[in-house]
Amino acid sequence: MAIATKKNTNSELYAHYALMRRIRTFEERVGELFVLGQSAGSMLHLSIGEESAAVGVCSAMNEGDSFTTHHRGHGIFLARGADPSRMMAEIAGKETGYCSGKGGSMHIADMGLGHLGANAIVGGGIPAIVGAGLSARQKNSGAVSVGFFGDGATGQGILYESMNMAALWGLPVLFVCINNQYGMGTRIDRATANTKLHERAAAFGLAALTVDGLDVEDVVDASRRLIEGARKGKPAFLAIDCYRFYGHARKDKSPYRDEAEEVQGRQKDPVLKAREKLIATDIMNEDSLNALDAKIDVEMDATVDFAIGEKQPALTSMFKDVYDPSQPEPEPVRTRINRILARQ
Amino acid sequence: MAIATKKNTNSELYAHYALMRRIRTFEERVGELFVLGQSAGSMLHLSIGEESAAVGVCSAMNEGDSFTTHHRGHGIFLARGADPSRMMAEIAGKETGYCSGKGGSMHIADMGLGHLGANAIVGGGIPAIVGAGLSARQKNSGAVSVGFFGDGATGQGILYESMNMAALWGLPVLFVCINNQYGMGTRIDRATANTKLHERAAAFGLAALTVDGLDVEDVVDASRRLIEGARKGKPAFLAIDCYRFYGHARKDKSPYRDEAEEVQGRQKDPVLKAREKLIATDIMNEDSLNALDAKIDVEMDATVDFAIGEKQPALTSMFKDVYDPSQPEPEPVRTRINRILARQ
Amino acid sequence: MEITYREALRLALIDEMNANEDVIILGEEVGRYGGAYGVTKDLIKQFGSDRIIDTPISEAAIVGTAVGAAMTGLRPVAELMYVDFIGMTMDQLANQAAKIRYMFGGQIGVPMVLRTQGGTGRSAGAQHSQSLEAYVMHTPGLRLAMPATVTDAYHMLRQAMQQPDPVVFIEHKGLYTMKGELDVDKATAPWGKAKVVREGDDLVIVTYSRQLHYALAASEELAKSGIEATVIDLRTLNPLDFETILPYVKRAGRAMVVTESVLTAGVAAELGARISEECFDYLEDPVVRVAGEDIPISVSPLLEKNSVPTPELIIETARMMLA
Amino acid sequence: MEITYREALRLALIDEMNANEDVIILGEEVGRYGGAYGVTKDLIKQFGSDRIIDTPISEAAIVGTAVGAAMTGLRPVAELMYVDFIGMTMDQLANQAAKIRYMFGGQIGVPMVLRTQGGTGRSAGAQHSQSLEAYVMHTPGLRLAMPATVTDAYHMLRQAMQQPDPVVFIEHKGLYTMKGELDVDKATAPWGKAKVVREGDDLVIVTYSRQLHYALAASEELAKSGIEATVIDLRTLNPLDFETILPYVKRAGRAMVVTESVLTAGVAAELGARISEECFDYLEDPVVRVAGEDIPISVSPLLEKNSVPTPELIIETARMMLA
Ligand SMILES: Cc1ncc(C[n+]2csc(CCOP(=O)(O)OP(=O)(O)O)c2C)c(N)n1
Ligand SMILES: Cc1ncc(C[n+]2csc(CCOP(=O)(O)OP(=O)(O)O)c2C)c(N)n1
Ligand SMILES: [Mg+2]
Ligand SMILES: [Mg+2]
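Chains as they are written, first to last, in our numbering: chain A, 833 to 1176; chain B, 833 to 1176; chain C, 35 to 357; chain D, 35 to 357.
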């Protein structure tokens, strides 16, 4: 980030700020893509307000580590190094997207970066990290696998089944619950009688913590500690408290929560917090941060242009990838009908 | 029980002993039914060693309360007042059994006694008590619903989903985990890293206890306390420690556990313990207890004779009860084939 | 009155809740949020949170809770936000709800409704666009209703809420905003009966849910070139009303079944096999299955649209049949 | 060599584990207990508890764990003790394992096997006796293998463990003690190919799993009265090999499909529909579906036995077809 000519761009906090800012700007552009009518559908879940969770945990991961995410996973993927243009293209359902336009926002993945997949099933991606943990143990790879999910996923039984297995087998895995206080319209205290979510993980024998997501450095610290333990065979659970700044998906205006709460909630802004800290500790100044932000704007604007300019996938690609390429593709219904009516 | 001429037959402990003894003897007869080749199959799970759980919890329940059980539920049903002859007939798959020979040992139920059903799916019967709890609340019936399951069911996510709902809604329900230390061949410490099972329930906000099942009076006390709370809207969880005296099902000789452990485990014998206590506290003497036991033997012998003597269900009953009697029965495959080949 | 499919469903819930105080509704976001597709909007204001129950995200336990509630005197209507989530509930649905009456020798039924929605049309991807009715249809003990019209949305939902057995009630996400005429006093047909929506002598199109509208649109187009189709809306897949269908197929000698359900071992397979068996001597052509492709649904709108039957495919197929 | 179906399966696991160190087995009681039906007996002694992994009773997470393991380089063979428990795993199976390759644009596959067993024969009741292969067959992305013979038990399991895509492998609980000849060096047929087990010109019986033996027994009986049946073992239901079947059906002009899977919208529906379509001009009679009754299975041995096809029913049906 050559633009930050002043001050200490080697600072870790600066790097975290930059990444968080990129995430936020990317998400804003996703919103614009939707408004432009260029997204594939409206099931777009923005992670604005949750940037410290993505950046805090991911910065504590190593190369070779793997992860799965929930449906609100853009930020996490970016924090692990995703190319925002290919992400945006995927979100637009285009051929050059990460998943060739088949997956979209909720089913994005990249094996090269260890992204075992986002999931549109609440809790659906969690047990895969237990499997990745088994692989790591079996192959002695030293890799940790991290499962990201929302507070809503604590309603899903598979989380407990997975945590129990991980603890029993001492696997190198970390369960990360991004507690943005809401599962769609349901505030966490209307989804459970005990909102201290980490207590459940502790009861299954995991190392378990809750951290406030306001300060990314706190998230980094907690993540490092837990991941270090996980790598040694002590699986862990980390709940990160934050606030979902906007609606559940693009069309939701959150009529079920009142404005005072929203205003208050949005004060837990990890991007702003990091910015203020950078300035307060004299690592960066306002101007250089503005310059950085402007640069990010340009970068992210380009992703939208890119996505819009790309092609839809070819219609014939529909029958590809149901099975391995070595296998015959399923017979299209139309072909079948022709064949049968032609008595062939 | 007129036979116990001596001592205090009004004693609660005496009643509990008698019921536990009836359960044990019944289960022994189930084993004999199998050996005689008269049971429907071999998937018979005896609750010997777990009598205090059945009697302790059930004696704390009121008329009108309901319950579900797991596959090892004979004792619980007897403790709620089941007719052992109709039970044995069901276990033999006979027409006069509780479920007309369709259900068998693992699917026994009786709406009259509030038995919402045994279940062959580990954990399968648990959420039904949450539903019964909703009914009780909605209808203001004052009823409590109790879900009985084994330690193995703590591996099933649905338990946690159900406990979470019960706690959230403050329902009159009690979750009872009969911890006989094994799920088939897997000892509890090989199924989880934290064997203090009640801690999980506590983490979801339930009142939660573990009690030793050796002394039925301890189980009664704990059950009363928790059920009282549940009736007032504080759902609860009770783990009862005991030992599975014999194999998982009739054919299992438990080769996976060593004899020393078994010998030790079988020392936790709630029937014997109650017997000793009755004698030690001078409530009953050996002779009158022997007389009682003999009378129970006679009672339970008769159930086997009854079951053997009953008829198989009629073949046509196969198509009944898939739907309500007001609805047409499914067309039998044979009828259908005849009809089609006859071009009718 | 003219209202939307969504509104008709909502009205059915309201009317039946007023008629029967044992009815409760439970599911994710059914209360404050008003349902992901708005079907239960404001019901919580009218009936309170004891009868309109917001649940945690616990599909298996939602269905299991409904089972227990139904067994103890309530009439639960559980909502599964997307039929795609049925996988999590299949044990409670197929091993419990569907079998309780039978296993327990007829002692008790499970009078519950599982309301959900399915189908393509929102670029919602592989896990939010499926048509999974075949899993249900293949499970003895479960009734299965799939209304295609506004009036059926209302009447079939009320009828479902009066059934003695568990009903899976699958709406189509592409129909919620469709408008139509509703006569609250008169149902199209009794519960379990198919409806002949259009008559024509050249071929019979058997369908249900959104594909009814595609079939009707296709039929109008076909009529322009002189091909007249009978179009039958099955309405419920269990009960499956074949009596209504047979005379039409026997007369036309040609049948096409149209469904979004994936071709292999799905609804089209049952309908195809059954028509082939029962009308064997009357068929001029094989029964043609116009069904969902044997593939997952893509988020790409182009691929999504072509993963299930389109009116064009129906037209093309009918033309081929009558060529 | 002559061994049992159970032993053949066990040997396949051993041989493939020796051949490929990435293979792990996980499931309930697969280790110390040796598997509920003894298929993994003593494997833990040979391969250790890192490769033979006893799990808690958590079917959903077992399948999900296998998915994650398969995506990260292992070759998991997960065991589901009874296919009846598939309901708990359907989300992981149908929404994850089956769709991952597709949703992620072909980036990665899920090379796992889900071994399980089904069918009647042990008075095990409604929740332990089902034949649920149709749920799997209806799910694009999942392969489905159901071996009927000892030699197929061995070879098909090894082949399944080499597939690039998820395979559901369903054994039949009634076959474990069956003995048969095994040639470890030679498979009956390649993966995905049906096998013509018996030839006869009067009718074709298409079947798989235990019903193959019922069909063969019935055929021998029928031969005594001059009726000669071709019997075809499908072996895998996905891939579904119709090429092998068609010439036989076209020649005989009569086909019967036999399966324990419940009739409606099940395997018999697909086979019936497909044969009817593809052999339309050759059929003398409707394709007859001899399938499981549309009811749950009772614990009563009498009712249980008659809830699925019996050799007697096959014989009776064939006689009627040729009367
Ligand atoms: C199994 C399942 N149930 C329900 C849904 C619908 N749904 C999508 S996101 C969501 C809320 C999830 O909340 P949370 O886990 O807290 O994640 P957040 O959206 O807050 O990031 C719900 C109910 C789903 N996609 N999958
Ligand atoms: C969902 C499911 N998984 C597995 C089984 C097979 N099974 C039957 S009983 C049992 C062990 C259950 O252990 P526990 O819950 O402790 O009950 P116990 O048998 O000890 O009474 C298992 C694995 C089953 N019936 N259902
Ligand atoms: Mg949330
Ligand atoms: Mg146990």
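Don't be surprised by glycine CBs; every beta carbon is placed ideally from N, CA and C. Note that the structure is predicted; figures quoted are calculated from it, not measured.
Check	Outcome
Using a Cβ-Cβ cutoff of 7 Å, what residues of the stretch 1012 to 1028 of chain A are near chain C? List them in chain order.	G1015, M1016, G1017, T1018, R1022, A1023, T1024
Kindly indicate which residue of A42(C), A70(C), T123(C) has the alpha-carbon position closest to the one of Y1088(A).	A70(C)
With 8 Å set as the bound, which would you pick, yes or no: does the beta-carbon of M195(D) sit closer than that to a beta-carbon of chain C?	no
Taking CB distances under 8 Å as the criterion, tell me whether I990(B) reaches chain F.	Absent from the structure is chain F; the protein chains it does hold are A, B, C and D.
With DSSP as the reference, label P110(C) as helix, strand or coil.	strand
Does V1154(B) have its Cβ less than 8 Å from a Cβ in chain C?	yes
Is A364(C) helix, strand or coil by DSSP?	No answer is possible for residue 364(C): it lies beyond the span of chain C, which begins at 35 and ends at 357.
DSSP three-state call for I880(B): helix, strand or coil?	coil
Alpha carbon to alpha carbon, what distance is there between V1051(A) and R904(A)?	18 Å
Roughly how many whole angstroms lie between the Cα atoms of T293(C) and N1170(A)?	18 Å
Given Y1014(A), which residues of its chain have a CB within under 6 Å of its CB, disregarding the five upstream and five downstream residues?	R1076
Going by C-alpha to C-alpha distance, which of M124(D), D219(D), P224(D), G82(D) sits closest to Q1177(A)?	No information on residue 1177(A) is available, as it lies outside the stretch 833 to 1176 that chain A covers here.
Along chain D, in chain order, which residues have C-beta atoms closer than 9 Å to that of Q141(C)?	Within 9 Å Cβ-Cβ: nothing; Q141(C) doesn't reach chain D, min ~14 Å.
Quick one: does the C-beta of N951(B) sit closer than 7 Å to a heavy atom of ligand 4?	no
Taking beta-carbon pairs under 8 Å, can you tell me which members of the stretch 1074 to 1088 of chain B lie near chain D?	Y1088
Run through DSSP, which three-state label would Y188(C) get?	helix
Mapping the DSSP letters down to three states, classify V147(C) as helix, strand or coil.	strand
Span of the beta strand (DSSP E) holding H206(D)?	201 to 206
I'd like to confirm the pairing. Which residues does DSSP put opposite K229(D) in its beta bridges?	D267(D)
How would you write the range of the alpha helix (DSSP H) that K971(B) sits in, first residue to last?	958 to 971
Give every residue of the same chain whose Cβ lies closer than 7 Å to the Cβ of E167(C), excluding the five residues on either side of it in the sequence, and list them in chain order.	L178, M180, I204, L271, S295, V301
Go to V1006(A), then tell me how far its beta strand (DSSP E) extends in each direction, as first and last residue.	It is worth fixing the name first, because residue 1006(A) is Leu in this sequence and not Val. L1006(A) -> beta strand (DSSP E) spans 1005 to 1011.
Report all residues from its chain with a CB closer than 8 Å to the CB of I266(C); omit the five preceding and five following residues, and keep chain order.	A228, K229, V230, V231, V238, I239, V240, T241, T278, I279, Y282
Measuring from the CB of F981(B), is there a heavy atom of ligand 2 at a distance below 7 Å?	yes
Which residues in chain A sit within 7 Å of L61(C), going by Cβ to Cβ distance?	The displayed chain sequence assigns Gly, not Leu, to residue 61(C). Neighbours of G61(C) on chain A: none; closest Cβ ~11 Å, over 7 Å.
For M1066(A) and chain C, any beta-carbon pair shorter than 8 Å?	Before going on, a small fix: residue 1066(A) reads as Lys here, not Met. It does not; no Cβ of chain C falls within 8 Å.
Could you tell me the alpha carbon to alpha carbon distance between E1118(B) and I1111(B), rounded to whole angstroms?	7 Å
Strictly under 8 Å for the Cβ-Cβ distance: is M137(C) near chain D by that measure?	yes
May I have the straight-line CA-CA distance separating M190(D) from N52(D), to the nearest angstrom?	17 Å
Which residue from A307(D), D236(D), M290(D) puts its Cα closest to that of A249(D)?	M290(D)
For G1017(A), I'd like the list of residues in its chain whose CB is within less than 6 Å of its CB, leaving aside the five on either flank, ordered along the chain.	Y1088
Kindly indicate which residue of A975(B), P1162(B), G913(B), Q1096(B) has the alpha-carbon position closest to the one of S1059(B).	A small fix is needed here, since residue 1059(B) is Ile in this sequence, not Ser. Nearest of A975(B), P1162(B), G913(B), Q1096(B) to I1059(B), Cα basis: A975(B).
Against chain D, does M124(C) count as a neighbour if the rule is that its beta carbon must be under 8 Å from one of theirs?	yes
What residues of chain B sit near E993(A), judged by a beta carbon separation below 9 Å?	G987, Q988, G989, Y992
A1139(B) lies in the beta strand (DSSP E); which residues open and close that run?	Premise fails: A1139(B) lies in the alpha helix (DSSP H), 1118 to 1141, not in any beta strand (DSSP E).
Does at least one heavy atom of ligand 1 sit under 7 Å from the Cβ of A924(B)?	no
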